[in-house]
Structure formats: structure tokens, C-alpha cells
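S.K.: Take this structure, written in C-alpha cells, and hold onto it; I'll ask about it next.
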Amino acid sequence: MSEVKKIAVIAGDGIGPEVVAEAEKVLKVIESVFGYAFETEHALFGGIAIDERGTPLPEDTLSICKAADAVLLGAVGGPKWDNNPKELRPETGLLGIRKALGLFSNLRPAVVFDCLKDASTLKPEVLEGTDLMVVRELTGGIYFGEKLRRQGEFGEEAVDTCVYNVVEIERIVRQAFEIAGKRRKKLASVDKANVLETSRLWREVVNKLAPEYPDIELEHVLVDNCAMQLLRRPSSFDVIVTENMFGDILSDEAAMLTGSIGMLASASMGEGSYGLYEPVHGSAPDIAGQGLANPIATILSLALMFRLTFGYEDAAAAIEAAVAEVLDAGHRTSDIAVNKSTAISTTEMGDLIAAAIRKA
1 MSEVKKIAVI AGDGIGPEVV AEAEKVLKVI ESVFGYAFET EHALFGGIAI DERGTPLPED
61 TLSICKAADA VLLGAVGGPK WDNNPKELRP ETGLLGIRKA LGLFSNLRPA VVFDCLKDAS
121 TLKPEVLEGT DLMVVRELTG GIYFGEKLRR QGEFGEEAVD TCVYNVVEIE RIVRQAFEIA
181 GKRRKKLASV DKANVLETSR LWREVVNKLA PEYPDIELEH VLVDNCAMQL LRRPSSFDVI
241 VTENMFGDIL SDEAAMLTGS IGMLASASMG EGSYGLYEPV HGSAPDIAGQ GLANPIATIL
301 SLALMFRLTF GYEDAAAAIE AAVAEVLDAG HRTSDIAVNK STAISTTEMG DLIAAAIRKA
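In the UniProt record's numbering, the protein residues as written are 1 to 360.
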């Protein structure tokens with residue numbers, strides 16, 4: 001029996017509990033097929049934690065996460081809590097847990113499955129061979145800089161400050177170089193160095209680190225050009241690294257190359273192998289409890305966890321192959337189904353993927 005790995009499981013809000021249940025189903029199959037051992041502990045987080053505990057991030061939830069080797073998160077938030085004070089919003093809990101766990105990067109792979117090319121708004125020939133990873137810095141930039149309102153010559157003004165230091169840039173760029181080294185060895189560093197001082201510092205740091213990774217092909221891409229090239233020639237990208245706001249926008253753009261946000265996994269990482277894994281999609285309260293949610297993004301997030309935190313490449317590959325097999329066989333949840341009347345449920349999709357792993 002292998003070493004027991006501890007996973008903190010946070011179902012969250014909306015469709016979160018439904019998609020996490022399917023990932024846990026797959027987790028049990030991986031245990032039986034590969035002989036790996038996992039111990040899961042569930043914790044409250046987000047809107048449900050606000051309702052039951054009066055805070056989006058209870059102390060015991062944070063303790064459970066810190067004691068684990070990795071965290072699996074479903075989804076948080078919803079209109080119910082949108083008008084709450086800032087400290088009582090689920091999104092505040094997300095910022096808090098990332099900071100408390102030392103998570104400074106968000107990794108979003110975007111892979112286009114051949115059988116789903118028609119679900120994308122781009123032409124199939126443009127999507128051919130698309131397999132990229134967006135590495136987004138999470139803790140700096142304009143989202144965390146000083147914010148203020150003031151009276152100016154023309155009335156009220158609003159100011160958001162964008163700040164980055166060398167340490168913040170170095171650690172995310174090093175991580176991106178390392179990831180590129182395990183993929184196709186191409187790194188695109190995205191900035192706006194023709195206008196922004198923070199971007200000029202970003203580019204200087206990237207150029208200083210580049211000689212340490214001589215086998216990585218580096219290119220600098222202005223953010224507006226990157227947004228255009230993601231639509232024109234997405235397959236030319238391997239790993240994209242960029243600052244917080246640019247990464248927020250570009251990762252959502254890259255997400256739609258796949259045809260459905262319900263297909264996309266993500267990982268938030270810090271130093272070392274610890275990570276928080278979650279689907280890119282939100283809590284979708286409008287379809288919660290109806291069996292309509294696509295669990296594939298959460299199941300692929302589990303595969304990311306196996307690869308990046310546990311080093312279980314065989315299990316990760318098995319999950320990805322099972323997802324591809326099920327999709328190739330024509331099975332679809334409603335978000336990716338051409339004919340909605342033939343769409344299968346959340347649990348049916350989870351059952352099919354689990355069965356595909358079991359018989360592989």
C-alpha cells in the first residue's frame with residue numbers, strides 16, 4: 001500500500017456538491033485500480049459557510065486545508081450573497097484561502113478534444129493541435145494595489161494602483177519555465193512593456209532568468225497581440241505566463257477555445273507541490289440540483305492534482321484517457337450536447353468515466 005495522501009474536499013455552493021461527488025467517485029476507482037491510498041476530509045467554505053458559520057472561511061476549514069496535501073474545491077458564490085458586505089462574500093473567502101495557503105499562481109490548461117471542435121466558436125482547422133497552459137500570477141498587480149476615490153478637476157476620480165516587485169515576478173516566472181520544461185519547451189511571457197512600467201520590470205526579470213533555462217524557447221508577447229493570436233493560431237502557444245489582470249482575462253479567453261467552460265480544470269499553486277484544484281466554471285445556481293452540471297472539469301482537476309502534487313502520472317493519464325474515451329463515444333452533458341434531448345446527467349457522466357478507468 002502506498003503512502004496515504006490527505007485531500008481536503010470543499011464542495012462549496014451551487015453545483016459544487018454535485019461535481020465534487022463525481023470526482024470523489026473517480027478517486028475511489030483510482031484507489032482500487034492503482035493501489036494508491038487517499039484520506040479525504042470535508043470542510044465548509046463560501047456561501048454555505050456564511051450561512052452556517054457566519055464567515056466564508058471558518059478557522060477549522062483553514063486548519064483542515066493546511067493539514068492536507070492538496071485541496072479539491074467545487075465552486076463558490078451565487079447571487080444570494082452578492083449584496084453582502086465585503087467580508088461576508090464568498091469571493092473574499094477565496095482571496096483569504098489563497099493568501100493563507102501561500103498560493104501565488106493559477107494554472108489553467110486549455111486542451112481541445114477532437115470530438116468537441118464543433119462546440120467551439122472557432123473553425124476546427126484553427127483549433128487543430130491546441131494544448132496550452134496559462135500561468136497567472138495571483139497575489140500582486142492592480143487587484144491588490146491601493147485603491148481610492150478623490151475629487152479632481154472634473155469631479156470624482158477613481159484610482160487603482162498596479163504594483164509588482166522582483167520577488168513576485170521571479171517566483172511565478174521560474175514556475176512557468178519549469179512547467180514549460182515538462183511540456184513542449186516554449187514559453188510566452190505576456191506583458192504591456194511598451195506602455196506600463198510594471199511590465200517593463202516584468203520583462204527585465206524574465207530576460208534575467210532566461211539564461212538559466214537554455215532549452216526553453218522564450219518569446220515576449222504584448223497582451224493585446226496575445227489576445228489576438230489566441231484566436232488566430234492558438235496551437236502556437238505552449239505555456240503563457242503573465243501578471244494577475246492580464247492572466248484573468250486571457251485564461252477566460254483560452255477557456256472558450258474548448259467550447260465549454262465545463263471542461264476546464266485549474267490549479268492554484270505555491271512553493272513546492274501543494275495545490276488547490278478546482279474547475280474554472282462557477283457555481284451555476286440556476287442549474288443546481290437538476291443533474292445538468294458537467295463534472296468533467298472537476299474530474300480533470302483531480303487529474304491535475306495527481307500529476308502536479310502527488311506525481312501520479314499514471315493515474316492522471318488514466319483519467320484523461322477515460323474522459324476522451326467517453327466523449328469519443330458520443331456521451332455529452334447538456335452544455336456540450338448538440339441535441340439537448342440526448343444529454344446525459346451529471347451522475348451518468350461520472351459513472352461512465354469511472355467505468356472507463358476501471359476497465360482500462
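C-beta atoms are modelled at their ideal positions from N, C-alpha and C, and glycine is treated no differently.
What does the Cβ neighbour count give for residue 262, buried or exposed, with the cut at 16 atoms within 10 Å?
M.R.: Buried, by the Cβ-count rule.
S.K.: Identify, in the order they occur along the chain, each residue of the same chain with its Cβ nearer than 7 Å to the Cβ of residue 235, setting aside the five sequence neighbours on each side.
M.R.: Closer than 7 Å at the Cβ level, and outside the excluded window around residue 235, lie 128, 129 and 130.
S.K.: Closest by CA to residue 14, which one among 284, 302 and 38?
M.R.: Nearest C-alpha to residue 14: 284.
S.K.: Exposed or buried, which one is residue 211 when buried takes at least 16 other CB atoms within 10 Å?
M.R.: Residue 211 should be labelled exposed.
S.K.: Please classify residue 365 as buried or exposed, where buried requires at least 16 other C-beta atoms within 10 Å of its C-beta.
M.R.: As shown, the chain starts at 1 and ends at 360. That puts residue 365 outside it, with no answer to give.
S.K.: Hey, out of 47, 217 and 353, whose CA is closest to residue 12's CA?
M.R.: Closest by alpha carbon: 47.
S.K.: Rounded to whole angstroms, how far is the Cβ of residue 27 from the Cβ of residue 65, which I believe are closer than 8 Å?
M.R.: Rounded, the Cβ-Cβ distance is 17 Å, inconsistent with contact.
S.K.: Rounded to whole angstroms, how far is the Cβ of residue 136 from the Cβ of residue 309, which I believe are closer than 8 Å?
M.R.: So it is not a contact: roughly 18 Å between Cβ atoms.
S.K.: Can you grab the Cα-Cα spacing for the pair residue 75 / residue 265, in whole Å?
M.R.: Their Cα atoms are separated by approximately 12 Å.
S.K.: For residue 259 and residue 119, which I take to be in contact (beta-carbon distance under 8 Å), what is that distance rounded to the nearest angstrom?
M.R.: Indeed they touch by this definition, with Cβ atoms about 3 Å apart.
S.K.: Considering only DSSP beta bridges, list what residue 137 is partnered with.
M.R.: Paired residue(s): 105.
S.K.: Counting Cβ pairs, one atom from each stretch, are 3 or more of them under 8 Å apart for the segment 246–257 and the segment 50–59?
M.R.: As far as the Cβ criterion goes, the segment 246–257 does not touch the segment 50–59, which means the pair count is below three.
S.K.: Can you check whether the CB of residue 238 is closer than 8 Å to the CB of residue 186?
M.R.: Contact flag set, yes.
S.K.: Closest by CA to residue 302, which one among 292, 293, 291 and 316?
M.R.: Nearest of 292, 293, 291 and 316 to residue 302, Cα basis: 316.
S.K.: Under the assumption that residue 297 contacts residue 326 (Cβ atoms under 8 Å), give the Cβ distance between them as a whole number of angstroms.
M.R.: In fact, because the Cβ distance is near 14 Å, the residues do not count as touching under 8 Å.
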